[in-house]
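Counting along the sequence shown from 1, when you hit position 115 you're at 115 in the UniProt record's numbering, and nothing is skipped either side. Glycine included, every Cβ here is placed at the ideal spot set by N, Cα and C. Model, not experiment: these values are computed from the prediction. Let me begin by presenting the structure, written as structure tokens, before commenting on it.
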Amino acid sequence: MVLLKMTFDCKAGASKGRSPTPTAKSGAGGGGGGGGGVTNGAQPTTAATPTTATTTAAGGAAATGGGGGGGGGGCSRSTLHANKTILKTVSVFLASGKRNSSNQSKAAAAALQNKRQQRQRKMDELSGKINPKLLDNLRKKTRFTKDELDALCRIYRKLVSNCQYAAKTLASSSSSAAIAKPHAAVEGIDRIVFRELLHSTFDIVTEEILMERIFCSWDKAHEGLPLRLEGWLIGLSTFLRGTPAERAAFCFRVYDLNTDGFITKDEMFTLLRNCLIKQPQDEDPDEGVKDLVEIVLKKFDIDKDGKVSLDDFMGTVAAEPLLIEAFGQCLPTDSAVVSFFSTLQV
Numbered sequence: 001m002v003l004l005k006m007t008f009d010c011k012a013g014a015s016k017g018r019s020p021t022p023t024a025k026s027g028a029g030g031g032g033g034g035g036g037g038v039t040n041g042a043q044p045t046t047a048a049t050p051t052t053a054t055t056t057a058a059g060g061a062a063a064t065g066g067g068g069g070g071g072g073g074g075c076s077r078s079t080l081h082a083n084k085t086i087l088k089t090v091s092v093f094l095a096s097g098k099r100n101s102s103n104q105s106k107a108a109a110a111a112l113q114n115k116r117q118q119r120q121r122k123m124d125e126l127s128g129k130i131n132p133k134l135l136d137n138l139r140k141k142t143r144f145t146k147d148e149l150d151a152l153c154r155i156y157r158k159l160v161s162n163c164q165y166a167a168k169t170l171a172s173s174s175s176s177a178a179i180a181k182p183h184a185a186v187e188g189i190d191r192i193v194f195r196e197l198l199h200s201t202f203d204i205v206t207e208e209i210l211m212e213r214i215f216c217s218w219d220k221a222h223e224g225l226p227l228r229l230e231g232w233l234i235g236l237s238t239f240l241r242g243t244p245a246e247r248a249a250f251c252f253r254v255y256d257l258n259t260d261g262f263i264t265k266d267e268m269f270t271l272l273r274n275c276l277i278k279q280p281q282d283e284d285p286d287e288g289v290k291d292l293v294e295i296v297l298k299k300f301d302i303d304k305d306g307k308v309s310l311d312d313f314m315g316t317v318a319a320e321p322l323l324i325e326a327f328g329q330c331l332p333t334d335s336a337v338v339s340f341f342s343t344l345q346v
């Protein structure tokens with residue numbers, strides 16, 4: 001609409017700039033638009049001949065035509081400039097659309113590739129396979145050889161299969177199994193199988209609360225979730241071949257029941273009360289547990305703030321290694337470790 005209005009105004013201006021009669025006055029008006037028309041279009045004197053008058057009138061008409069032509073040229077240039085501006089705007093818009101479309105396509109392709117990699121990684125975990133890149137990474141993070149890692153992956157596959165079988169058996173024995181949804185595959189080692197492994201393979205005989213804490217503290221990156229392949233292997237490396245400092249840090253995570261970074265008196269009381277054997281003749285066994293908590297706290301609380309921090313625990317265990325399991329068993333016996341590696345057949 002703007003372009004049409006500009007074209008119409010320019011045409012109207014051009015029409016107004018032309019005079020139908022080439023008179024001297026018209027010549028004067030045209031001179032204003034065309035330049036030297038004023039001089040050539042001056043009023044003829046009484047001595048002028050008809051030839052001179054005719055020439056003068058012709059000059060005025062030419063000036064008038066020149067003025068109209070100038071107006072028409074200005075209108076044409078304005079229209080051309082407007083058209084160029086619109087074309088440039090459209091070109092920029094189209095180019096921006098192409099860039100956005102290209103970026104969206106790249107993002108979609110990257111997301112699809114990432115999804116495929118995650119799916120393949122899960123399939124490898126369930127099958128116990130390790131790709132070469134992950135194998136090199138695990139050899140750096142653990143203290144296992146390549147053959148040991150392969151054997152441990154086979155054990156992982158069996159444990160996951162046991163988890164899936166147990167879950168399917170539980171679902172089929174349920175009274176609502178007929179209307180239950182199909183059971184999804186368990187992608188990892190769950191609590192039940194993990195606790196059975198600790199008890200039967202590593203001779204861990206302890207209270208339920210410690211069993212749960214060992215499971216949750218096994219993989220620091222995913223507390224409480226089913227154990228995946230990498231978390232299983234890294235945790236097992238600390239559990240079986242960790243340095244004294246690594247094993248002490250693991251025990252501290254187990255004893256820190258609320259994961260706030262400290263072992264408090266209440267946590268000590270809970271742990272020690274479950275570990276002690278209650279005698280029938282004891283009138284109030286909790287009083288003996290409270291006395292024991294005070295004794296243990298004095299031993300571990302190096303900075304005397306009323307609770308045991310990681311630094312307190314590490315310092316005390318470094319001085320007296322036997323206190324590493326002061327609040328309950330959470331590490332395998334030496335004989336259990338030797339027996340486990342002998343079953344790997346490597």
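Quick one, which of the options has its alpha-carbon nearest residue i's?
i           : options                   : result
G306        : L152, L297 and F313       : L297
G328        : G231, E208 and L233       : E208
L344        : T201, A221, F269 and D291 : T201
L225        : H199, F194, D334 and T243 : F194
L138        : T238, S91 and K106        : T238
G261        : A221, T169, V308 and A166 : V308
R326        : K115, E267, Y165 and S335 : The question names Arg, but residue 326 is Ala in the sequence shown. Out of K115, E267, Y165 and S335, E267 has the C-alpha closest to the C-alpha of A326.
residue 358 : W232, R77 and R273        : Any answer about residue 358 is impossible in this case: the structure gives the chain only from 1 up to 346.
T243        : H81, T264 and P321        : P321
For residue i and residue j, I'd like the C-alpha separation in whole angstroms.
i           : j    : result
R154        : F252 : 30 Å
V186        : L135 : Per-residue confidence for V186 stands at a pLDDT of 48, beneath the threshold of 50, marking its modelled position as unreliable; the derived number appears in the next sentence. If I take the Cα positions, the gap works out to 23 Å.
T206        : F340 : 19 Å
K141        : L310 : 22 Å
N131        : R241 : 24 Å
C330        : G235 : 13 Å
T145        : V337 : 16 Å
L229        : P285 : 43 Å
A108        : Q118 : 15 Å
S217        : A111 : 32 Å
Q104        : F250 : 45 Å
A318        : Q113 : 48 Å
R116        : N83  : 50 Å
L271        : S335 : 25 Å
I86         : H222 : 58 Å
R273        : D147 : 43 Å
V293        : K168 : 44 Å
D256        : C163 : 28 Å
residue 351 : S161 : As displayed, the chain neither begins before 1 nor continues past 346, which places residue 351 out of reach and without an answer.
S78         : S91  : 20 Å
Y165        : S342 : 27 Å
F215        : K304 : 31 Å
T259        : I324 : 18 Å
T264        : I295 : 13 Å
L149        : R157 : 12 Å
R143        : K106 : 40 Å
T89         : L80  : 14 Å
In terms of DSSP beta bridges, what is residue i paired with?
i    : result
L233 : None, per the DSSP bridge assignment.
I192 : Beta-bridge pairing links I192 to no other residue.
L227 : I189
I263 : V308
What is the C-beta distance between residue i and residue j, in whole angstroms, given that I count them as a contact (C-beta under 8 Å)?
i           : j    : result
A245        : F313 : Their Cβ separation, rounded to whole angstroms, is 11 Å, which puts A245 and F313 out of contact at 8 Å.
R213        : V254 : 5 Å
residue 360 : I302 : No statement about residue 360 is possible, as the shown extent of the chain runs from 1 to 346 and does not include it.
Y332        : I204 : Reading the sequence as shown, one finds Pro at residue 332 and not Tyr. P332 to I204, Cβ: 7 Å. Contact.
F269        : K290 : 7 Å
L210        : D219 : Their Cβ separation, rounded to whole angstroms, is 17 Å, which puts L210 and D219 out of contact at 8 Å.
L159        : L197 : 7 Å
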